[in-house]
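Read through the structure below, which is laid out as structure tokens, and then see the notes.
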Amino acid sequence: MKQGKIDALLGIVFGDEGKGKVVDYFTPQYDVVARFAGGPNAGHTIIFDGKKFVLRSIPSGIFNDNTLNIIGNGCVIAPDLFCQEARELEKAGYIMKDRLHISKRAQLILPTHRALDRAYEALKGKAKIGTTGKGIGPAYSDKAARIGLRVGDILDDFDAKYKQLKERHEQILKDLGYEYDITEEEKSWLEGVDYMRSLHLTDTEIEINRLLSEGKSVLAEGAQGSLLDLDHGTYPMVSSSSTTCGGVCTGLGVAPGKIDQVFGIFKAYSTRVGSGPFPVELFDSVGDTIREIGHEYGAVTGRNRRCGWVDLVALKYAAMINGVTQLVMMKSDVLDSFAHIKVCTAYTKDGVVTTDMPYDLNGWQPVYDELPGWKCDLTAMTSEEEFPQALNDYISYIERYMGIPITIVSVGPDRRATIVRS
Ligand code: GDP
Ligand code: IMO
Ligand code: MG
304 MKQGKIDALL GIVFGDEGKG KVVDYFTPQY DVVARFAGGP NAGHTIIFDG KKFVLRSIPS
364 GIFNDNTLNI IGNGCVIAPD LFCQEARELE KAGYIMKDRL HISKRAQLIL PTHRALDRAY
424 EALKGKAKIG TTGKGIGPAY SDKAARIGLR VGDILDDFDA KYKQLKERHE QILKDLGYEY
484 DITEEEKSWL EGVDYMRSLH LTDTEIEINR LLSEGKSVLA EGAQGSLLDL DHGTYPMVSS
544 SSTTCGGVCT GLGVAPGKID QVFGIFKAYS TRVGSGPFPV ELFDSVGDTI REIGHEYGAV
604 TGRNRRCGWV DLVALKYAAM INGVTQLVMM KSDVLDSFAH IKVCTAYTKD GVVTTDMPYD
664 LNGWQPVYDE LPGWKCDLTA MTSEEEFPQA LNDYISYIER YMGIPITIVS VGPDRRATIV
724 RS
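Using the numbering used here, you'd call the opening residue of the sequence shown number 304 and step up by one each time.
What follows is the structure in structure tokens.
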């Protein structure tokens with residue numbers, strides 16, 4: 304953490320790497336925590352003092368009294384879900400008005416965006432993306448088409464603007480022959496809009512730059528993961544925002560030179576939710592065991608997460624795109640019981656072997672190296688001195704391949720189960 308600089312913490316695989324946990328752990332070191340992309344498709348889990356929270360739109364710095372949290376212009380917000388999330392936190396004693404600022408430039412997700420999300424998925428049939436159904440794609444599409452509604456719109460003549468966009472969506476849904484009913488949803492959505500009016504809606508890009516010039520420090524909290532990035536992910540099986548480091552600049556309105564450290568966060572193995580190519584996916588009992596031990600079920604949708612060994616080709620690609628300076632390895636404890644652990648070091652297809660991310664990941668098979676497992680319980684460990692040799696070897700192997708140090712190793716879901724390496 305440097306004064307007057309931004310650090311970014313980015314998921315560098317398919318999301319759910321444990322970003323929420325680590326952002327919460329880092330928060331006391333920063334003046335500001337800011338989300339720059341995505342919306343309620345995210346589910347960031349934070350566990351401390353026997354309490355568990357799953358955040359969707361609200362930054363994971365919210366539990367620290369001295370940290371300002373910002374939802375940046377690159378985000379999309381569903382007022383009803385946001386209001387529900389905020390009220391739950393308020394019930395637990397975390398008052399939004401004092402802690403959270405929202406960009407007037409962030410885009411709104413309408414109930415009809417969610418209906419469109421469902422309609423487009425239904426239309427795709429077997430080729431569906433497996434979205435979270437939160438209206439993310441349609442909302443970002445409207446942003447790009449320059450017809451979207453922004454948070455700032457709720458402050459002025461909102462009813463007419465809302466009606467116009469809603470009617471446009473209704474026409475599309477009618478043309479698609481898609482049946483839906485948003486009556487109830489719309490009621491709580493409009494209540495959510497009212498609630499948002501009571502919060503601090505502002506020009507967050509000006510605020511962040513002012514704070515930086517005053518020497519304050521900012522942590523940009525990623526959502527999703529690099530392989531779900533609209534440009535660099537496994538298109539079209541991706542989300543619709545810039546989840547990579549470039550998204551920090553556009554999604555908060557900060558210059559690239561303001562970014563200092565880029566933390567690339569990954570699990571000691573791999574997971575993916577939804578459809579799309581996933582070369583390291585395990586279809587056998589090993590995959591099932593990882594899912595069971597790692598509780599790999601979606602925080603937002605409850606769906607099974609697909610599981611596999613760590614994929615160094617994907618990690619290296621993501622590290623390149625993001626300019627990762629430090630790696631954070633999560634859920635190491637999930638591999639405690641394995642006698643052997645595999646790592647994917649290359650892909651192969653039709654006799655060709657590559658260590659570069661292919662344009663189309665479909666059909667590529669993993670090439671594995673195998674390392675001995677550590678076969679012991681990491682969860683009670685509090686310092687790297689206690690690490691077994693096999694874990695140190697696993698860490699060194701990944702560091703050598705990546706050319707980047709692993710500076711944090713997580714050994715359990717709780718805030719305290721976080722080990723900083725020197
Ligand atoms: P995010 O979206 O990147 O914030 O990650 P999620 O919250 O969707 O998924 C991470 C899951 O792993 C959550 O259930 C966390 O509580 C859990 N978790 C995080 N770190 C660890 C760890 O080191 N070990 C174990 N066993 N679980 C962890
Ligand atoms: P966090 O921030 C894991 C996936 C969905 C789907 C694809 C597109 O918790 O890591 P969308 O609803 O965004 O249009 O869905 O992206 N996806 C995620 N997977 N973690 C997430 O967020 C995700 N957000 C979206 O499953 O495959
Ligand atoms: Mg998640």
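Glycine residues also receive a C-beta, built at the ideal position from the N, C-alpha and C atoms.
Leaving out five residues on either side along the sequence, give the residues of the same chain with a beta carbon under 8 Å from the beta carbon of residue i.
i	result
C548	A311, L313, I562, V565, I624, N625, G626
S516	G307
P362	V326, V336, A337, R338, N372, I373, I374, L403, E524
K519	Q306, G307, D334, V335
L458	K407, R500, L504
H643	E673, L674, P675, G676
S444	S543
Determine whether the beta carbon atoms of residue i and residue j lie at a separation below 8 Å.
i	j	result
L630	I511	no
F385	G495	yes
G536	S544	no
A425	Y483	no
F329	C378	no
K469	T415	yes
V603	R390	no
L502	I405	yes
S529	A571	no
V336	E508	no
V316	F641	no
T685	G715	no
G579	M540	yes
P582	L664	yes
L531	S542	yes
F351	D717	yes
Q667	K652	Checking the sequence shown, residue 667 turns out to be Trp, not Gln. Closer than 8 Å, so yes.
G321	S713	yes
R724	I711	yes
I309	V521	yes
Cutting at 6 Å between CB atoms, please list the residues of its own chain near residue i, excluding the five before and the five after it.
i	result
L403	N372
A442	V379, Q410, I412, H416
D383	S491, W492, G495
T657	Y650
F356	I349
W677	P691, A693, L694
C679	P691
V498	Here the sequence assigns Tyr to residue 498, which means Val is not the residue at that position. So the qualifying residues of the chain are C386.
G734	What the structure shows of the chain is the stretch from 304 to 725, and residue 734 is not part of that stretch, so it cannot be assessed.
G438	I412, H416, R417, D420
D456	K464
Nearer than 7 Å: is that true of the beta carbon of residue i relative to any heavy atom of ligand 2?
i	result
V576	yes
M540	yes
A389	no
I439	yes
Q410	no
I432	yes
G428	no
A526	yes
L530	no
K322	yes
T537	no
What residues in its chain sit with their C-beta under 7 Å from that of residue i, if we drop five residues either side in the sequence?
i	result
P559	C552
A526	R338, A340, G341, A345, T546
A422	L476, L479, Y481
K354	none
A622	I315, G567, M705, I707
Using a Cβ-based criterion (distance less than 7 Å to any ligand heavy atom), does residue i qualify as near ligand 1?
i	result
M684	no
T553	no
P716	yes
T505	no
G353	no
S713	yes
I315	no
I350	yes
V637	yes
G597	yes
A337	no
Cβ-heavy atom distance between residue i and ligand 3 below 7 Å?
i	result
A345	yes
G318	yes
Just to check my reading of the structure: residue i and residue j have Cβ atoms closer than 8 Å, yes? What is that Cβ distance to the nearest angstrom?
i	j	result
Q605	T434	Reading off the sequence, residue 605 comes out as Gly, not Gln. So it is not a contact: roughly 15 Å between Cβ atoms.
M660	A617	7 Å
P675	C647	That pair is no contact at about 17 Å.
G597	G611	Wrong, their Cβ atoms sit about 12 Å apart, outside the cutoff.
Using a beta-carbon distance below 8 Å, is residue i in contact with chain D?
i	result
L694	Of the protein chains in the structure, only one exists, and it is not chain D.
Item to complete: Scan the stretch 654–696 and note each continuous beta strand (DSSP E) run of 3 residues or more that stays entirely inside, going in chain order.
Response: The qualifying runs are 655–657, 668–675.
Item to complete: Report the residue ranges of all beta strand (DSSP E) runs contained in full by the stretch 530–613; include only those spanning at least 3 residues, in chain order.
Response: List check, beta strand (DSSP E) in window: 562–570, 572–575.
Item to complete: Let me know the beta strand (DSSP E) ranges lying completely inside the stretch 343–378, each 3 residues or longer, listed in chain order.
Response: Listed in chain order, the complete beta strand (DSSP E) runs (minimum 3 residues) inside the stretch 343–378 are 347–351, 354–358, 371–374.
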